[in-house]
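J.: Protein chains in written order, with the numbering used here: chain A, 1 to 332; chain B, 1001 to 1064; chain C, 2001 to 2211.
Quick reminder that beta carbons are idealized off the backbone N, C-alpha and C, glycines included.
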Amino acid sequence: MTTTVTPARAPTPDSHGYPTRRYDLVKEFAIALGVTTVLSLVLAAVFSSPDDRSITMSGWAAADPADVVATAAGELAGTTTSATYGAPYNHASQGQSVLGMRLQKWGGVGIPVSSEGLVLQPLRDVSGDPALTTALAGWDAMSRRQQVAAATAYADAVAGAPDGKLAGISPSPRFGPVPVLAGAFLTLARSGGLEGALSSSGTFYGGDQTRTMLLLSDGAYLEDRAVADHLGGDQWGMMNEVGNYPGQPWMWLYTFWYQVKPFSTSENADAQVWLLMMALTVALALVPWIPGLRDIPRWIPVHRLVWRDHYRRSRRGGAGSPVGQKNSSSSR
Amino acid sequence: MDNVFAAGRYLSWGVVSISVANVVIVLVMLVVFALALLLPFPSDRDRTPAAGGGPAPADEGREP
Amino acid sequence: MTTPVSSQVATWTETVKNRLSRALPPDQILPDRQPAYVSSWIYVFGVLTLAALVVVMASGGVLAAGGSSWWHTSGLGHFVNSLHLWSVEVFFACMVIHLWGKFWMAAWRGRRGLTWLTGVIAFVTSIATAFTGYLSQTNFDAQWISGEAKDGINSIGVGSWFNVLNPGQMLTWHIVLLPLAATLIAALHILLVRRHGVVPPLGDEEREVPR
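In structure tokens form, the structure reads like this:
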């Protein structure tokens, strides 16, 4: 059989045309299973795994009451991160875009969340607190503009409180009912009454923590704890784990972009980094078809270590070479 | 703030910051990779010339 | 005279059987010999990855038996969680070393591009599986990771549908959908390796002499 066409690049020989050796795949798997099992058992026994307890609403209230009050005021004013987020929670913002594509907005408001509701809904469920009932009635009677003005004024006062102490804030009619509302919210949180209040909302089986997490994320305490643990976004946090535990080293490139310009100062960083990583992942998947990239192994011959026995045998006299091209496809 | 929540040990050069734990893992991987390439693999005396073993799809052709 | 069998229309079963046999001849599914050039420790990292995956799933299965909160309150549960975490680290370490090896060997040659492609997809699927696992921890880590990750996922418009703040959804993705996907992709990847055989050494193509 003759080769009639000269390929642009010489074809890879058929692996079935080579001399063979015995190779016990089943035994190899069994040994591999034993090795990985023992290795995992030893590592688990020696290093264990981290389990930092969740931040509860009452834990947050005990650790940073001013933060709870400031967050409550911010939700009422509509100035928190969640209140100004955009899709999927509300229409308050256009959200992020990349290459002119407003992907966040196109996703739609599929999980509508009222930021005011994060504070007001649990409060409305409270009974036996006449001051709170009055404050709620007062709040409902105000126009939205008045509500925003009162809540913003109080939020500013909390932010400027001497030593962050709520007691240092002088009462003012500008605050309207907001101090009572925020105070009642703090009391509710401290008592444990806020646990599950936002995830069950009157049903029995809750479980979806969307609203609770949005509230917690609107405060500073969660992030303060995370940054103290070196998990912050500009601390390569995506790669890290609490304490001295190994994290996710394979996320190094994803988090790298957030550390450098233009992404580190971009309002669209999330969408931009996602698109960039998508492109790089596709490139990795398509390496076999990308000229240049697929030739790197030829230019940097690490493979000479892998196949050094074979190259040595082939140089010595062909015993390791494949049977010639002409035979390898015809006899099957 | 409580010491219970203290961060682990980190190494920093400029914009790069990596935990000691992660560095150890990556270094171990690099060493293992190098060893895998360098350590001799048990050879088998029972080598036969190319015999194949039944029908096989042809792998040759245009790259890849 | 009876109608010859060959002129009858093949049944669906015969069609599937013939296609499978052609794609993967039975004696290639589990060969007891390999080309002589398969003679380096770099070759064991594929099977090590597979073995580690077995440990990951077994430990995950025990965690599933205990339920999503078990490991917080039980010493045994915590140990099994540690086993699950470390087997995942071993899994990723072996998979990445396997990827390094396959890149430097240009293992996509000889029509093995799909093997490489399924390998990358397996890698990405594994990352997604690990991600949903981190979200299922029901502790501080899960709170922080979900709070951060939601921004990335919302920014590309997918957040309404894939809600990382919903532990129930993340858990079911982690223990049902993604392990299923990872297993199917890994199986396809391994079958492709069996079908094409281990890639011959770089440089052998130059040695051939067309007649």
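1) Under 8 Å, with one C-beta from each stretch per pair, do the segment 35-42 of chain A and the segment 2048-2058 of chain C reach the 3-pair mark?
2) Evaluate the contact criterion for the segment 15-22 of chain A versus the segment 2031-2042 of chain C: three or more CB pairs, one atom per stretch, below 8 Å.
3) Under 9 Å between C-beta atoms, does C/GLN2034 make it to chain A?
4) May I ask you to report which of helix, strand or coil DSSP gives A/PRO301?
5) By the 10 Å Cβ neighbour count, where 16 or more other Cβ atoms means buried, how is B/THR1048 classified, buried or exposed?
6) Excluding five sequence neighbours on each side, which residues of the same chain lie with their C-beta closer than 8 Å to the C-beta of A/LEU280?
7) Can you pull out the residues from the segment 1022-1042 of chain B whose beta carbon lies closer than 8 Å to at least one beta carbon of chain C?
8) Indicate the three-state DSSP secondary structure (helix, strand or coil) for B/LEU1011 in the structure shown.
9) Can you give me the C-alpha to C-alpha distance between A/ARG315 and C/ALA2064, rounded to a whole angstrom?
10) Would you call the CB atoms of A/LEU181 and A/ALA135 closer than 9 Å?
11) From A/TYR311 to A/ARG304, what does the alpha carbon distance come to, in whole angstroms?
12) List, from N- to C-terminal side, the alpha helix (DSSP H) runs of 4 residues or more that fit wholly inside the segment 148-222 of chain A.
13) Leaving out five residues before and five after A/ALA153 in sequence, what residues of the same chain have Cβ atoms less than 7 Å from its Cβ?
14) Could you list which residues in chain C have their beta carbon closer than 8 Å to that of A/ILE111, in chain order?
15) How many whole angstroms separate the CB atoms of A/SER48 and A/GLU75, which I take to be in contact at a CB cut-off of 8 Å?
16) Apart from the five residues just before and just after A/GLN147, which ones in its own chain have a Cβ nearer than 7 Å to its Cβ?
17) Per DSSP, which one or two residues make a beta bridge with C/PRO2035?
18) Roughly how many angstroms lie between the CA atoms of A/ALA157 and C/VAL2055, to the nearest whole one?
19) With a threshold of 9 Å between beta-carbons, can A/ARG22 be considered close to chain C, or not?
20) Identify, in the order they occur along the chain, each residue of the same chain with its Cβ nearer than 8 Å to the Cβ of A/SER266, setting aside the five sequence neighbours on each side.
21) In chain B, which residues lie less than 7 Å from A/GLN235 when you measure between Cβ atoms?
22) Going by C-alpha to C-alpha distance, which of C/THR2138, C/LEU2191 and C/GLY2168 sits closest to A/THR56?
23) Should C/HIS2084 go down as buried or exposed, given a rule of 16 or more other Cβ atoms within 10 Å for buried?
24) Take every Cβ of the segment 2162-2177 of chain C, pair it with every Cβ of the segment 2129-2144 of chain C, and state whether three or more of those distances are shorter than 8 Å.
25) Give me the DSSP bridge partner(s) of A/MET101.
26) Assess contact between the segment 2092-2106 of chain C and the segment 2145-2161 of chain C, defined as three or more Cβ pairs (one per stretch) separated by less than 8 Å. Is contact present?
27) Just list the residues that DSSP pairs B/THR1048 with in beta bridges.
28) Over the uninterrupted alpha helix (DSSP H) stretch that includes A/SER54, give me the two end residues.
29) Tell me whether the beta-carbon of A/ALA269 lies closer than 9 Å to the beta-carbon of A/GLN104.
30) To the nearest whole angstrom, what separates the beta carbons of C/ARG2195 and C/GLN2028, a pair I think is in contact under 8 Å?
31) Give a yes or no on whether 9 Å exceeds the smallest Cβ distance from B/ARG1047 to chain C.
32) Using a threshold of 9 Å, state whether the C-beta atoms of A/TYR258 and A/MET278 are closer than that.
33) Taking the alpha helix (DSSP H) that B/SER1017 belongs to, which residues open and close that run?
34) Taking Cβ positions, are C/LEU2188 and C/THR2118 nearer each other than 9 Å?
35) Quick one: is A/PRO288 near chain C, going by C-beta distance under 9 Å?
36) Are the C-beta atoms of C/ASP2027 and some chain A residue less than 9 Å apart?
T.: According to the structure data:
1) yes
2) yes
3) For C/GLN2034, the closest Cβ of chain A is nearer than 9 Å.
4) coil
5) exposed
6) LEU253
7) Taking 8 Å as the Cβ-Cβ cut-off against chain C, the residues of the segment 1022-1042 of chain B that qualify are ILE1025, VAL1028, MET1029, VAL1032, PHE1033, LEU1035, ALA1036, LEU1037, LEU1039 and PHE1041.
8) strand
9) 56 Å
10) yes
11) 8 Å
12) 178-191, 197-200 and 210-218
13) The residues are ARG174 and PHE175.
14) GLY2159, SER2160 and ASN2163
15) So it is not a contact: roughly 38 Å between Cβ atoms.
16) LEU76 and TRP139
17) C/PRO2035 is bridged to A/THR20.
18) 55 Å
19) yes
20) GLN272
21) Think of a sphere of 7 Å around the beta carbon of A/GLN235: the chain B residues whose beta carbon falls inside it are SER1017, in chain order.
22) C/THR2138
23) buried
24) yes
25) Its beta-bridge partners are A/VAL98.
26) Under the 8 Å Cβ criterion, the segment 2092-2106 of chain C does not count as touching the segment 2145-2161 of chain C, having fewer than three qualifying pairs.
27) DSSP lists A/THR20 as partners of B/THR1048.
28) No alpha helix (DSSP H) holds A/SER54; DSSP gives it neither H nor E.
29) no
30) 7 Å
31) So yes, B/ARG1047 belongs to the interface.
32) No, they are not a contact pair.
33) It is not in any alpha helix (DSSP H) - B/SER1017 instead sits in the beta strand (DSSP E) that spans 1016-1019.
34) yes
35) A/PRO288 counts as touching chain C.
36) Chain A, which has no Cβ nearer than 9 Å to the Cβ of C/ASP2027, makes this no.
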